[in-house]
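Q: Provided herewith is a single structure, encoded as C-alpha cells, for subsequent inquiry.
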Amino acid sequence: MGVLPVRTIGIWMLAVPLAILAIGLAFKGMAAANPSFFFTWPYFIEVLIAGLLQGVMYSLVALGFVLIFKASGIFNFAQGSMVLFAALTIVGFIEMGTHWTIAFFITAGIMVLLAISVERIVLRPLVNQPHIILFMATIGIFFFLDGFAQTIWGSDVKVLDIGIPKTPITVMENANPSDPNDPWQYGILINQYDLIAAAIGAVLVTVLAIFFQYTRTGRALRAVADDHQAALSVGIPLKTIWAIVWSVAGIVALVAGIVWGGKAGVQFSLALIALKALPVLILGGFTSIPGAIVGGLIIGAGEQLAEVFLGPLFGGAIQDWFAYMLALFVLLFRPQGLFGERIIERV
Amino acid sequence: MNDVSVDQAPMTSELSTDQSGGPVTGPRLFNEVLLEVNNVSLSFGGVKALSDISFDIKKGEVRAIIGPNGAGKSSMLNCINGFYHPQEGTITYKGKERRQMRPHEAAKTGIARTFQNIALFRGMSTLDNIMTGRLLKMKSNLFWQALYWGPNLKEENEHREKVEHIIDFLEIQDIRKTPVGRLPYGLQKRVELGRALAMEPELLLLDEPMAGMNVEEKEDMCRFVLDVNDQFGTTIALIEHDMGVVMDISDRVVVLDYGRKLADGTPDEVRSNQDVIDAYLGVSH
Amino acid sequence: MLYREAGQFKTSYGADQAIFPILQDKLGMIVILALAVVVVPLMASTYMLNSILIPFLVFSMAAIGLNLLTGYCGQLSLGTGGFMACGAFFAYKLTTAFPELHIVLVFLLSGLGTAMVGILFGIPSLRIKGFYLAVATLAAQFFLVWMFNKFDWWTNYSASGVISAPPREVLPGAFITGTEAEPVTKYYFLLGFVAVLALIAKNLVRSRIGRAWMAIRDMDIAAEIIGIRPLWTKLSAFAISSFYIGIAGALWAFVYTGSVEALAFEINRSFQVLFMIIIGGLGSILGSFLGAAFIVLLPILLNAGMLAIDPTISSALVSHIEFMIFGALIVFFLIVEPHGLARLWALAKEKLRLWPFPY
Chain A
1 MGVLPVRTIG IWMLAVPLAI LAIGLAFKGM AAANPSFFFT WPYFIEVLIA
51 GLLQGVMYSL VALGFVLIFK ASGIFNFAQG SMVLFAALTI VGFIEMGTHW
101 TIAFFITAGI MVLLAISVER IVLRPLVNQP HIILFMATIG IFFFLDGFAQ
151 TIWGSDVKVL DIGIPKTPIT VMENANPSDP NDPWQYGILI NQYDLIAAAI
201 GAVLVTVLAI FFQYTRTGRA LRAVADDHQA ALSVGIPLKT IWAIVWSVAG
251 IVALVAGIVW GGKAGVQFSL ALIALKALPV LILGGFTSIP GAIVGGLIIG
301 AGEQLAEVFL GPLFGGAIQD WFAYMLALFV LLFRPQGLFG ERIIERV
Chain B
348 MNDVSVDQAP MTSELSTDQS GGPVTGPRLF NEVLLEVNNV SLSFGGVKAL
398 SDISFDIKKG EVRAIIGPNG AGKSSMLNCI NGFYHPQEGT ITYKGKERRQ
448 MRPHEAAKTG IARTFQNIAL FRGMSTLDNI MTGRLLKMKS NLFWQALYWG
498 PNLKEENEHR EKVEHIIDFL EIQDIRKTPV GRLPYGLQKR VELGRALAME
548 PELLLLDEPM AGMNVEEKED MCRFVLDVND QFGTTIALIE HDMGVVMDIS
598 DRVVVLDYGR KLADGTPDEV RSNQDVIDAY LGVSH
Chain C
633 MLYREAGQFK TSYGADQAIF PILQDKLGMI VILALAVVVV PLMASTYMLN
683 SILIPFLVFS MAAIGLNLLT GYCGQLSLGT GGFMACGAFF AYKLTTAFPE
733 LHIVLVFLLS GLGTAMVGIL FGIPSLRIKG FYLAVATLAA QFFLVWMFNK
783 FDWWTNYSAS GVISAPPREV LPGAFITGTE AEPVTKYYFL LGFVAVLALI
833 AKNLVRSRIG RAWMAIRDMD IAAEIIGIRP LWTKLSAFAI SSFYIGIAGA
883 LWAFVYTGSV EALAFEINRS FQVLFMIIIG GLGSILGSFL GAAFIVLLPI
933 LLNAGMLAID PTISSALVSH IEFMIFGALI VFFLIVEPHG LARLWALAKE
983 KLRLWPFPY
C-alpha cells in the first residue's frame with residue numbers, strides 16, 4: 001500500500017485492451033472459418049459489457065469473503081447463504097407492508113445480530129483450529145442459514161422490486177447506415193438494471209475503502225489482518241474487530257442480496273451464487289479488495305463471452321463450469337492467484 | 348581493521364595444523380570430506396541471506412554452525428537439504444557436485460534433519476512418527492499393502508523391530524502409542540530426533556536440538572547426539588546457541604554473521620578468534 | 633468389567649499391529665458381522681433393506697473414499713458427486729457395451745476409470761492447498777456433471793437423460809441389478825463387497841502408503857524431508873479415493889436406485905458425503921461407517937418425528953429443518969469433537985477399559 005503501483009497499473013492498462021482485442025480477433029477468425037459461428041464487433045462488445053456488469057455483481061459477493069478473510073483468515077463459505085438470508089428477510093418485511101427503506105434498516109440490524117452470534121457461537125470456540133476445520137464449520141453455517149431462512153420465509157421464488165428500471169438502453173447506434181449490412185446499425189444494448197447495480201457496487205466499494213483506509217476501526221482491522229498476536233498485544237480488541245467485520249460482511253451480503261434478488265428473483269439459487277464468487281477470489285487473491293473487483297470483472301466477462309461464443313460448440317451451459325476451469329488454469333501457473341503475493345515457505 | 352583480518356587468516360590455518368597433529372586428548376581426526384559447500388550465496392528478493400560461504404563437513408565429525416540470530420544458519424541447512432536453491436556456488440556431497448534437488452531427493456541420498464520449530468506429524472503416535480522415517484526403506488507394493496500380508500507383513504515387522512531399537516535408544520518406550528501432540532516439548536524433540544534416526548542417515552542436520560530445554564533435558568540430548576555419532580557413526584551438523592554445549596560436543600565449529608563466514612576451526616580456535624568475540628560481545632570502535 | 637486387555641500379552645509385533653489388538657474387540661466384530669449376515673436379512677423388511685441398509689452400505693463406500701483423501705491425506709475435496717457420476721456412467725457404458733462382462737469386474741473397472749479422472753483433477757494439488765484446492769475440485773464437480781448431462785452418448789442417447797441399470801447377476805441366478813433383483817441379494821452382495829473394500833482401505837492406511845498420506849496431511853514440509861514425494865503421494869490418494877468413490881457411484885446407480893440421471897450427483901451429494909466423514913470422524917474407517925449410518929438415518933427419523941408431531945407438515949419444511957439440523961450438527965461436531973463419532977466411540981472404550989476402577 002502507500003505507493004501507487006504505477007508500473008502494475010500501466011501494464012494492466014496496456015494488457016487488458018490488447019487481450020480483449022485478441023479474444024475478439026480469435027472469435028472473428030473462428031467465425032470466418034465456421035459459418036454457423038456468429039460474430040460481429042457490436043455484438044461482441046455488447047456481450048463483453050453485459051459480462052463486465054455481471055462481474056461487478058460477482059465482485060459484490062466476493063467482497064464479503066475478502067473482508068472476513070482479511071480480518072480473521074477464515075474462508076467464509078456461508079457468505080452465499082448470508083446473501084440469501086438477507087434477501088429473503090428484506091422481501092419478507094416488504095411483503096408485510098413495511099416501506100423498503102425501513103425494511104432495509106431492520107434487515108441490516110438483523111444481519112448485524114446474526115454476524116455477532118456467528119462470531120460468538122461458532123468462531124470463538126474454534127479459535128486456533130486449522131483453517132480447514134474453520135472452513136468446514138462455515139459450510140455447516142451455510143447449511144444452517146439456508147434451512148433457517150427458508151423455514152421462516154418459505155422457499156417460493158419471491159419478487160423484489162426496488163424500483164430500478166429493467167429496460168435496456170441503446171448506445172452508439174448508427175441509425176442511417178450507408179451499408180444496409182452495417183453491424184452498427186442497431187447499436188449496443190446495455191441493460192439499465194445492470195448498469196445501476198454496478199454503480200451501487202462501485203459506491204459500496206468506495207465507502208468500504210474509505211472506511212478501512214481512514215478510520216480507526218479500519219486501521220485496527222488492517223493491523224489484525226497483518227498479525228493477530230501483535231494486534232492483540234498493542235491493545236486492539238480482536239473480538240470486537242471480528243464482530244464489526246462480520247457485521248460489515250453481513251451488510252455487504254444484504255446489498256448483494258438486494259441487487260441479485262432484484263435481478264433474478266429471491267430464491268434458493270441465490271445462495272449458490274456464492275460458489276461463483278470462489279473462482280473470483282482465486283483469481284483476485286483472498287486478501288485484496290481491488291483483486292476481488294478485477295477478478296469479478298474477469299470472471300464475469302470471460303464467462304459471458306465463453307458462453308455466448310464458445311458455448312454453442314460444446315452444447316451450451318458451459319458457464320456452469322467455465323469460471324472454475326479458468327480459475328484452475330490460473331492456479332496451475334500462479335498458485336497465489338493473479339494479485340496475491342508470492343508465498344515464500346519458511347521452515 | 349583490514350590488516351588484522353589478513354593477518355588472522357594464515358594464523359588460523361597454522362593453528363589447526365598444529366592441533367590436528369596434537370596429543371591424544373586433543374581433537375579427533377577426520378580425513379574424508381562428506382559434504383563441501385563452495386562459495387554459496389543465497390538471497391530472497393533484495394535480502395542477502397548467505398554470501399559466499401565455504402566450508403566442509405568431514406565424515407564422522409560433529410560440526411557446529413553458530414552465529415547470532417539472523418546469521419543465516421538455518422538458511423544454510425535449508426540449502427544443504429534442498430529446501431532453498433542457492434543462486435551461486437555449489438554443494439558437493441560424497442564427492443559429487445549436486446544439481447538442484449528437492450528435499451525428498453536429498454533424503455534419498457542420506458540426509459536427515461530436525462527442525463527449530465518441531466515438525467512432527469501431530470495426528471500420529473510416537474511409533475507411527477518414527478515409522479514414517481522408515482518409509483524410504485520400505486519396498487512392498489500396493490497389492491501387498493492392500494492385503495497387509497506376505498511381503499508387507501514381513502516388512503512391517505522388520506521395520507517395527509528397527510524402530511523399537513530407536514525407541515529403546517532414546518528411552519521413550521512408555522510413550523510409544525501416545526499421540527505426539529500430547530507430549531511435552533522436550534519429548535517431542537526427542538521423537539523428532541528418533542524419526543530422523545530411523546532414516547539411518549549418513550548426515551544428520553540438527554537445527555537447535557536443545558532450544559528451550561532445561562539443563563537436564565539438554566544433558567540428555569547431548570548424550571543422545573554424542574551416542575548417535577559414536578554408535579552409528581553418523582556425521583552430525585548442528586546449529587546451537589548454547590556455547591557451553593557447542594564447545595563440549597563439537598569437533599569443529601563454523602561461525603556465521605550477517606550471512607558471511609566469520610571463522611572456522613576447532614572450538615578453542617573459534618573461542619579465541621577476535622572477530623567472533625566482537626560479533627558476540629559487540630565491539631567499541 | 634468384561635472389557636479388559638489385562639492378561640492378553642502380545643508376543644510379536646504383528647499381533648501388536650493387528651486391527652483389533654484386544655480380544656473383546658475381535659469378538660465384537662465377529663458378532664456384528666454374524667448379525668449382519670444371519671439376523672438382519674431375517675428381520676429386515678423390504679423397506680428397511682431398500683431405504684436404510686442398502687443406501688447405508690453405498691454411502692459407507694463413498695465416505696471411505698472421501699475419508700482416504702480428506703481425512704487421511706488432508707486434501708479437501710468438494711468433487712465427490714462428480715466422481716460418483718463418473719463411476720455410474722462409466723459402469724453404464726461398460727456394461728451396455730460388453731454385456732457379458734461380469735458385473736463386479738464392471739464396477740472395479742469403472743472405479744479404475746474414475747481413479748484416472750481423479751488423478752487428472754488432483755494434479756493441481758501439488759501447487760495449491762487448502763480451500764484453493766477445494767475450489768479446484770469444484771471445477772471437477774461442475775464440469776463432470778455438465779459433461780454427463782450434456783452429451784447423450786453417455787446415456788446411450790436416451791431421451792430423458794436417465795440411465796437404467798440392465799439386469800446383471802453376480803452369481804448364476806443371483807441378480808443384483810435390474811427390476812428382477814431381490815433386495816436381500818443386493819444386500820448380501822453389498823455387504824460382502826463393501827466389507828472387503830473397507831478391509832483393504834484399513835490395510836492401506838496402516839501400511840507405508842497410509843503413513844505417507846498422514847505425514848503429508850500433518851506437515852507436508854517435514855514429510856518431504858523424510859523422503860516422501862509430495863506429488864506422488866497426493867496423486868495416489870486422489871487415485872485410490874476416486875476408485876472407491878467411483879465404485880460407490882456405480883453401486884448407487886446400479887444397485888441402490890436402479891436408474892439415475894447426472895443431476896443426482898450434483899454439489900449437494902458432495903456435501904452429504906463430506907458431512908458423513910466430519911460427523912463420523914476424519915481419518916477413521918470406522919467413522920466412515922458411523923457417519924454414513926448417521927446421515928442416512930437422521931432424515932428418516934426426523935421425518936417420522938415431525939410427522940408424528942404435526943401430520944400436516946409440508947415436505948419442503950421438513951427438508952429445510954433437516955438442512956438446519958445438519959448445519960448445526962456439523963458446527964457442533966467440529967467444536968466439540970473434531971474427530972467425530974469414531975473418537976467418541978474410542979473414548980467410551982477407553983473409559984470402559986478402566987471401569988469401574990478408573991484409578
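So the protein lines, in turn, are chains A, B and C.
Here my numbering is used: position 290 in the first sequence is 290, and no number is missing along the way.
Here my numbering is used: position 80 in the second sequence is 427, and no number is missing along the way.
Here my numbering is used: position 60 in the third sequence is 692, and no number is missing along the way.
Note that the Cβ used here is the ideal one computed from N, Cα and C, for glycine as well.
#1: Going by alpha carbons, who is nearest to A717(C) out of H952(C), L914(C) and A894(C)?
#2: Indicate the three-state DSSP secondary structure (helix, strand or coil) for P370(B) in the structure shown.
#3: Under the rule that 16 or more other beta-carbon atoms within 10 Å means buried, what is D161(A), buried or exposed?
#4: Spell out whether any CB of chain D is found under 7 Å from the CB atom of A880(C).
#5: Quick check on this structure: which residue in K70(A), V83(A), S72(A) and W12(A) has the alpha carbon closest to the alpha carbon of K276(A)?
#6: Would you say D852(C) lies against chain B (beta-carbon separation less than 7 Å)?
#7: With burial defined as no fewer than 16 other Cβ atoms inside 10 Å of the residue's Cβ, what is the status of D182(A): buried or exposed?
#8: Which first and last residues belong to the alpha helix (DSSP H) in which D648(C) is found?
#9: Along the stretch 958 to 974 of chain C, what residues have a CB closer than 9 Å to any CB found in chain A?
#10: Can you confirm whether M614(C), when its beta carbon is compared against all beta carbons of chain B, has any partner nearer than 7 Å?
#11: Return yes when the Cβ of L540(B) is within less than 7 Å of the Cβ of I583(B), no when it is not.
#12: Look at the Cβ atom of Q447(B), then the Cβ atom of D554(B), and state whether they are nearer than 7 Å.
#13: Mind reading off the beta-carbon distance from I438(B) to I458(B)? Whole number of angstroms is fine, and I expect it under 8 Å.
#14: Would the beta-carbon of L552(B) be found less than 6 Å away from any heavy atom of the ligand MG?
#15: Round the Cβ separation of V690(C) and W884(C) to the nearest angstrom and send it over; I've been treating them as touching at under 8 Å.
#16: What is the rounded straight-line gap between the Cα of D615(B) and the Cα of R529(B)?
#17: Does the beta carbon of R537(B) come closer than 7 Å to any beta carbon on chain C?
#18: Are the C-beta atoms of F721(C) and some chain B residue less than 7 Å apart?
#19: First and last residue of the alpha helix (DSSP H) that includes V828(C)?
#20: Would you report the Cα separation of L744(C) and E503(B), rounded to the nearest angstrom?
#21: Kindly indicate the opening and closing residues of the alpha helix (DSSP H) around R618(B).
#22: List, in chain order, every chain C residue whose beta-carbon is nearer than 8 Å to that of K455(B).
#23: Under three-state DSSP, which class holds A243(A)?
#24: Tell me which residue opens and which closes the alpha helix (DSSP H) that I152(A) is part of.
#25: State the Cα-Cα distance for the pair Q640(C) and L823(C), rounded to the nearest angstrom.
#26: Starting from Y440(B), follow its DSSP beta bridges and name the residues at the other end.
#27: In the DSSP output, which residue or residues are listed as bridge partners for L397(B)?
#28: From which residue to which residue does the beta strand (DSSP E) around L551(B) run?
#29: Is N504(B) close to chain C? Criterion is C-beta to C-beta, closer than 7 Å.
#30: Tell me F402(B)'s beta-bridge partners as DSSP assigns them.
#31: Using three-state DSSP, classify D182(A) as helix, strand or coil.
#32: Would you say L155(A) reaches chain C, if we count a Cβ-Cβ gap shorter than 7 Å as a contact?
#33: Counting only C-beta atoms, is M846(C) closer than 7 Å to chain B at any point?
#34: Kindly indicate if chain A contains any beta-carbon less than 7 Å away from that of K782(C).
#35: Is Y495(B) close to chain C, meaning its C-beta is less than 7 Å from at least one C-beta of that chain?
#36: Would you check if there are 3 or more beta carbon pairs closer than 8 Å linking the stretch 912 to 922 of chain C to the stretch 675 to 687 of chain C?
A: Quick answer:
#1: As a first step, residue 717(C) must be located in the third sequence, where it is residue number 85. Considering only alpha carbons, the answer is A894(C).
#2: The sequence position of residue 370(B) within the second sequence is 23, counting from 1. Since pLDDT at P370(B) reaches only 40, below the 50 mark, its modelled position is unreliable, and the value read off the structure follows with that caveat. Here P370(B) sits in coil by DSSP.
#3: Translated into positions along the first sequence, residue 161(A) becomes position 161. The residue is exposed, with fewer than 16 neighbouring Cβ atoms inside 10 Å.
#4: No chain D is present in this structure, whose protein chains are A, B and C.
#5: Position 276 of the first sequence, counted from the first residue, corresponds to residue 276(A). Nearest option by C-alpha distance: V83(A).
#6: Position 220 of the third sequence holds residue 852(C). For D852(C), the answer is no, since every Cβ of chain B falls outside 7 Å of its Cβ.
#7: Position 182 of the first sequence, counted from the first residue, corresponds to residue 182(A). By the 10 Å Cβ count, D182(A) comes out exposed.
#8: For the purposes of this step, residue 648(C) is taken as residue 16 along the third sequence, with counting starting at 1. First-last of the alpha helix (DSSP H) with D648(C): Y645 to D648.
#9: F958, G959, A960, L961, I962, V963, F964, F965, L966, I967, V968 and P970
#10: Nothing can be reported for residue 614(C): it is not among the residues displayed for chain C, which extend from 633 to 991.
#11: Position 236 of the second sequence holds residue 583(B). Position 193 of the second sequence holds residue 540(B). Their beta carbons are not under 7 Å apart, which means I583(B) does not touch L540(B) by this criterion.
#12: The count along the second sequence starts at 1 and reaches residue 447(B) at position 100. The count along the second sequence starts at 1 and reaches residue 554(B) at position 207. Contact flag unset, no.
#13: In the second sequence, counting from the first residue as 1, residue 438(B) sits at position 91. In the second sequence, counting from the first residue as 1, residue 458(B) sits at position 111. Actually they do not touch by this definition, with Cβ atoms about 11 Å apart.
#14: Summarising the ligand content, the structure contains no ligands, and the ligand MG is consequently not present.
#15: As a first step, residue 690(C) must be located in the third sequence, where it is residue number 58. As a first step, residue 884(C) must be located in the third sequence, where it is residue number 252. Going by Cβ atoms, the distance from V690(C) to W884(C) rounds to 5 Å, so yes, they are a contact pair.
#16: Taking the first residue of the second sequence as 1, we reach residue 615(B) at position 268. Taking the first residue of the second sequence as 1, we reach residue 529(B) at position 182. If you take the alpha carbons of D615(B) and R529(B), they lie about 41 Å apart.
#17: Here residue 537(B) is taken as the residue at index 190 of the second sequence, counted from 1. No, R537(B) lies away from the interface with chain C (no Cβ there is under 7 Å from its Cβ).
#18: Indexing the third sequence from 1 puts residue 721(C) at position 89. Not closer than 7 Å to any Cβ of chain B, the Cβ of F721(C) fails to qualify, so no.
#19: What you label residue 828(C) is simply residue 196 of the third sequence in a count that begins at 1. Run containing V828(C): P815 to V837, per the alpha helix (DSSP H) assignment.
#20: Here residue 744(C) is taken as the residue at index 112 of the third sequence, counted from 1. Here residue 503(B) is taken as the residue at index 156 of the second sequence, counted from 1. Going from the Cα of L744(C) to the Cα of E503(B) covers about 27 Å.
#21: The count along the second sequence starts at 1 and reaches residue 618(B) at position 271. Taken as a continuous stretch (DSSP letters only), the alpha helix (DSSP H) holding R618(B) covers P614 to S619.
#22: On the second sequence, residue 455(B) is found 108 positions in, with the first residue counted as 1. Within 8 Å Cβ-Cβ: G859.
#23: Sequence index remark: in the first sequence, residue 243(A) carries index 243 (1-based). In the structure shown, A243(A) sits in a helix (DSSP, three-state: H, G or I).
#24: One-based indexing of the first sequence puts residue 152(A) at position 152. Per DSSP, I152(A) belongs to the alpha helix (DSSP H) from H131 to W153.
#25: For the purposes of this step, residue 640(C) is identified with residue 8 of the third sequence, where counting begins at 1. For the purposes of this step, residue 823(C) is identified with residue 191 of the third sequence, where counting begins at 1. One C-alpha to the other measures close to 31 Å.
#26: Here residue 440(B) refers to the residue found at position 93 when the second sequence is read from its first residue. Y440(B) is bridged to L382(B) and K443(B).
#27: If you number the second sequence from 1, residue 397(B) lands on position 50. Answer is L389(B).
#28: Looking up residue 551(B) in the second sequence gives position 204. Taken as a continuous stretch (DSSP letters only), the beta strand (DSSP E) holding L551(B) covers L550 to D554.
#29: Mapped onto the second sequence, residue 504(B) falls at position 157. Answer yes: the Cβ-Cβ gap between N504(B) and chain C drops below 7 Å somewhere.
#30: Taking the first residue of the second sequence as 1, we reach residue 402(B) at position 55. Answer is V384(B), bridged to F402(B).
#31: For the purposes of this step, residue 182(A) is taken as residue 182 along the first sequence, with counting starting at 1. Three-state DSSP puts D182(A) in coil, outside helix and strand.
#32: Stepping through the first sequence from its first residue, residue 155(A) is reached at position 155. According to the sequence provided, residue 155(A) is Ser. The question's Leu does not apply to it. Judged by the 7 Å Cβ criterion, S155(A) is in contact with chain C.
#33: Your numbering for residue 846(C) matches position 214 in the third sequence. Closer than 7 Å to some Cβ of chain B, the Cβ of M846(C) qualifies, so yes.
#34: The residue given as residue 782(C) occupies position 150 in the third sequence. Yes, K782(C) lies at the interface with chain A (some Cβ there is under 7 Å from its Cβ).
#35: As a first step, residue 495(B) must be located in the second sequence, where it is residue number 148. Y495(B) counts as touching chain C.
#36: no
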